[in-house]
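The block underneath contains the structure these notes are about, expressed in structure tokens.
Chains as they are written, first to last, in my numbering: chain A, 1 to 393; chain B, 1001 to 1393.
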């Protein structure tokens, strides 16, 4: 593709993105078939007397979308941001898999209609989109996170970044912000996927956080600079978080949390669905526990090791199975353990007495007690055996 | 069985239980085949030169097991306790299902060898064993429970008892004790399954708890009065807790907690395996979370409602299968039922019309409709068939 047709494509995609809210399946499919410039041309010429035209609705004919797109691109440049399109090398093509879930329409969930891949993405920050998102995990959860959830999110963000995984989230209060901050604290990569323009700080108190991300990571959005964080946009945005990363971890979620929608998307895309449990007494973990009770395959994770085991390649990032402290005595054969149980601290017992107390064959006691004494588990006395002095126990 | 042979059986079972630690598969099988009295006789006469004799080991020949059994029974009577055997009406026969898991021998777990049903049970308390355990749930967990786990155990014990479910546990510190106490606080039934004699308070600080249980619930053990709580006995005991109840709930468990073994047994017996999650920062929930991550089907529960949902379903398998009233029509062949479904109340349909509506071959309709009319399910009219008058339906 020549530079000029490349620029045409970018302009057309931005214009189309202004005409129709992101995620529209009909638009994405037509653009994939005919290219963005021709689809825009046709739409403006009134070629498409169909649901695509209906989707564009009132915006069609209000202003000239090409002029608006030019202005948006100019504003983007002034911001030090850029518009990335699928025709660019840095486009993260895992997002294109979203087209596969458009046909999973769930009538109960109208948002499912808006699951098509983005037409373009605004990006602000020094990293290439494809590289930043290649090894990434989404860490999302409750805005009203408890201290438990907030600390865990930060710890997980830190741990992932420390092991060279990028942390993707939505920049919201609570879990999202703490996950981003954890990654930054570890000197790692974090990507904020916004539901408004990359020049807007929403929430406003995250102005400093987003500035830091713009310096070291990436601010990403499907909407042009200046776009407002309308409520429906968060749900549309969530599919990008799920599709961009190898798996989604929900740290805390109340019963109807939006983060569970992100998790659902991850599952639809065959990405790992992960949930951190919490106290059953906490309202902030109700959604997590319900998810773990649901028939949808979801992996319980308690930390970074479990997350990497799930998203990492098989066999490489296997989490160690936790064990309690092991005592030398735990390695004894069951009969030996039973013999030891039957010994007393002070009063020596004969082999036969020990066998009777332990309920094991006498010959086993004769054979094993001297060996246990030799290994320090028991002590030999003139008239039998007592419990060992603990040297090796 | 006559009273005297009944008493012989009880004496023999107690004697055999003294000779061989509970759970021995060979002994249980032989007793099931030949009756306890004959097996004891043979063993004392030296008939069994095999692993059964080996299992009895040093205890064989040490004292007269019959005299010891007499003494144990006398001591039991003086305690106000009783020995319950499978020949008694109050035997909880769900325990006999344990024989089914003896062949699941897991070489890595030597305890699997001791999974046979109990030969007899000591019981202390006013309730019948079978009735107390019929609608019961095991609530087990860490001895070193956190305040979170202890409170949950108590709340769950209370909630189950409040809804007429008995709470079974092991009487240990922490989760076990709090579950028992919760049930008592609700005025409900609780059953302590001990790993020592029913006259011993282990741990000693639970003396008052056990006295209360002996008054309102049941203290149960496979070991005679005076028997010591040897370590291996807890694992042997756990299978009784799992088998007696419809499901096992683990409230808190460290990485190598014995309560996970009870849970495993419950699964082997097709009882519900349930686990309460907790903060991932708590060592006392590590075992719970590992269980929820394992491939073994385990249900996450956060409270009594979830537990009852799980064991309520299981109850259908254990109790006689509840059915609605049966209609004669339920016994018809599927094709006949489809033909009946296709008939109308007033308008007669020809055989061919019925066949078409029912989606069955025409010749089946020709053959079966007259027979259905003969049996009163359908009625013949001049121009076909209508629904029967209900005489026999």
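Note that beta-carbon positions come from the ideal geometry of N, C-alpha and C, so glycine has one too.
| query | result |
| --- | --- |
| Interface residues of chain A facing residue 1302/B [CB-CB closer than 7 Å] | 280, 289 |
| Residue 92/A versus residue 277/A - alpha carbon distance | 31 Å |
| Simplified DSSP state of residue 302/A, which is helix, strand or coil | coil |
| Under the three-state DSSP convention, the category residue 251/A falls into | coil |
| Closer than 9 Å at the beta carbon, the chain B residues around residue 293/A | 1299, 1300, 1301, 1302, 1306 |
| Inter-residue CB distance, residue 181/A and residue 157/A (contact presumed, cutoff 8 Å) | 7 Å |
| Residue 363/A, buried or exposed, once every other Cβ within 10 Å from all chains shown has been counted against 16 | exposed |
| Same chain, Cβ closer than 6 Å to residue 1081/B, neighbours up to 5 away in sequence not counted | 1122, 1124, 1198 |
| Any C-beta of chain A under 9 Å from that of residue 1062/B | yes |
| Partners in chain A for residue 1058/B, counting only beta-carbon separations shorter than 8 Å | 352, 355, 356, 360, 361, 362, 365 |
| Spatial distance of residue 152/A from residue 1096/B (CA atoms) | 46 Å |
| Neighbour-count burial assignment, residue 1149/B, 16 or more Cβ in a 10 Å radius | buried |
| Local conformation of residue 1320/B per DSSP, three classes | Confidence is the limiting factor: at residue 1320/B the pLDDT is only 38, short of 50, which leaves the residue's position unreliable, though a coordinate-based value still follows. The answer is coil: DSSP assigns residue 1320/B none of H, G, I, E or B. |
| Where residue 327/A falls, given that 16 or more other Cβ within 10 Å makes a residue buried | exposed |
| Beta-carbon spacing of residue 11/A, residue 56/A below 9 Å | no |
| Beta carbon proximity, residue 1285/B to chain A, threshold 9 Å | yes |
| Residues within the stretch 1119-1149 of chain B neighbouring chain A, beta-carbon criterion of under 8 Å | 1148 |
| Within-9 Å CB hit, residue 1153/B to chain A | no |
| Buried/exposed call for residue 1345/B, threshold 16 Cβ in 10 Å | exposed |
| Inter-stretch contact (C-beta, 8 Å, three-pair minimum) for the stretch 1377-1384 of chain B and the stretch 1346-1365 of chain B | yes |
| Cβ neighbour criterion (16 or more within 10 Å) applied to residue 1078/B | exposed |
| Neighbourhood of residue 94/A by C-beta distance below 8 Å, restricted to the same chain and skipping five residues each side | 133, 243, 244 |
| Where residue 1384/B sits in the DSSP three-state scheme | strand |
| Proximal residues of chain B, C-beta to C-beta of residue 276/A below 8 Å | 1280 |
| Integer-rounded CB distance, given that residue 301/A should sit under 8 Å from residue 249/A | 6 Å |
| Residues of its chain near residue 15/A, where Cβ-Cβ distance is below 6 Å and the 5 sequence neighbours each way are ignored | 40, 65, 66, 69 |
| Residue 1353/B versus 1226/B, 1044/B, 1384/B, residue with shortest Cα-Cα distance | 1384/B |
| Any beta strand (DSSP E) of 3 or more consecutive residues that is wholly inside the stretch 138-222 of chain A | 166-169, 190-194, 218-221 |
| Helix, strand or coil at residue 1066/B [DSSP, three-state] | helix |
| Run of the beta strand (DSSP E) containing residue 1082/B, from where it starts to where it stops | 1082-1084 |
| CB contact check: residue 1230/B to chain A, cutoff 9 Å | yes |
| Closer than 9 Å to chain B by CB, residue 266/A | no |
| Residue closest to residue 131/A, alpha-carbon to alpha-carbon, out of 189/A, 176/A, 304/A | 189/A |
| Exposed unless 16 or more other CB atoms sit within 10 angstroms - verdict on residue 230/A | exposed |
| N- and C-terminal bounds of the alpha helix (DSSP H) containing residue 30/A | 25-34 |
| Same chain, Cβ closer than 8 Å to residue 1029/B, neighbours up to 5 away in sequence not counted | 1099, 1116 |
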